[in-house]
Structure formats: structure tokens, C-alpha cells
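Peer 1: Let me give you the structure first, and then I'll get to my questions.
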Amino acid sequence: MTNALKELRAKRSLTQEDLANAVGVTRVTINYIENGEYRPSLELAFLLARFFDKRIEDIFYIESHRGGI
90 MTNALKELRA KRSLTQEDLA NAVGVTRVTI NYIENGEYRP SLELAFLLAR FFDKRIEDIF
150 YIESHRGGI
């Protein structure tokens with residue numbers, strides 16, 4: 090799963106710490122999510138979507154598998 094958090098955060102000139110404080114998590118959690126090392130809970134995904142005024146699927150998405158399953 091990939092995400093657009095870093096780009097959305099940059100558009101608002103926010104640090105990882107700023108975003109973390111806004112949604113009630115640590116900076117490390119934001120860093121892990123941005124780097125694809127952690128998948129957020131559904132609750133956190135909703136909080137991030139609300140913060141950025143986006144749909145969850147506009148922030149988090151699964152890359153298509155080449156060649157299908």
C-alpha cells in the first residue's frame with residue numbers, strides 16, 4: 090500500500106511533528122506510514138482524511154500488480 094501523505098503534508102508546509110500532533114500520534118508513526126513501513130488503523134486513516142479534507146482512497150491506495158494474480 091502506498092500513500093500521498095508526504096505530498097499532502099508538503100503542500101501545507103507541515104512537518105511530520107505538526108501532522109502527528111494534529112491527529113494524536115507520534116512523529117515516528119507518521120514517518121513509518123509515509124515510508125510504507127506501517128499501515129494505519131482505520132480510525133487513523135479517517136483522522137488523516139478528515140484533516141486533509143480528502144477521501145481515504147485519495148490518500149491511501151494499493152498499487153496494481155503487473156501481470157495480475
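If you count by my numbering, then the sequence shown holds residues 90 to 158, one letter each, in order. All C-beta atoms, glycine included, are put in the ideal place defined by N, C-alpha and C.
One question on the structure: do Phe149 and Ala111 come within less than 9 Å of each other, judged by their Cβ atoms?
Peer 2: No, the Cβ-Cβ distance between Phe149 and Ala111 is not below 9 Å.
Peer 1: Beta-carbon within less than 6 Å of Ile145's beta-carbon, same chain only, minus the 5 sequence neighbours each way: which residues are those?
Peer 2: Excluding sequence neighbours, Ile145 sits near Ala134 and Ala138.
Peer 1: Using DSSP with H/G/I as helix, E/B as strand and the rest coil, what is Tyr127?
Peer 2: Note: Tyr127 maps to coil in three-state DSSP.
Peer 1: Please list the terminal residues of the continuous alpha helix (DSSP H) segment that includes Lys100.
Peer 2: Run containing Lys100: Leu94 to Lys100, per the alpha helix (DSSP H) assignment.
Peer 1: Please name the residue, chosen from Glu152, Asp142 and Glu132, that lies closest to Ser113 on a Cα-to-Cα basis.
Peer 2: Per the sequence shown, the amino acid found at residue 113 is Gly instead of Ser. Nearest C-alpha to Gly113: Glu132.
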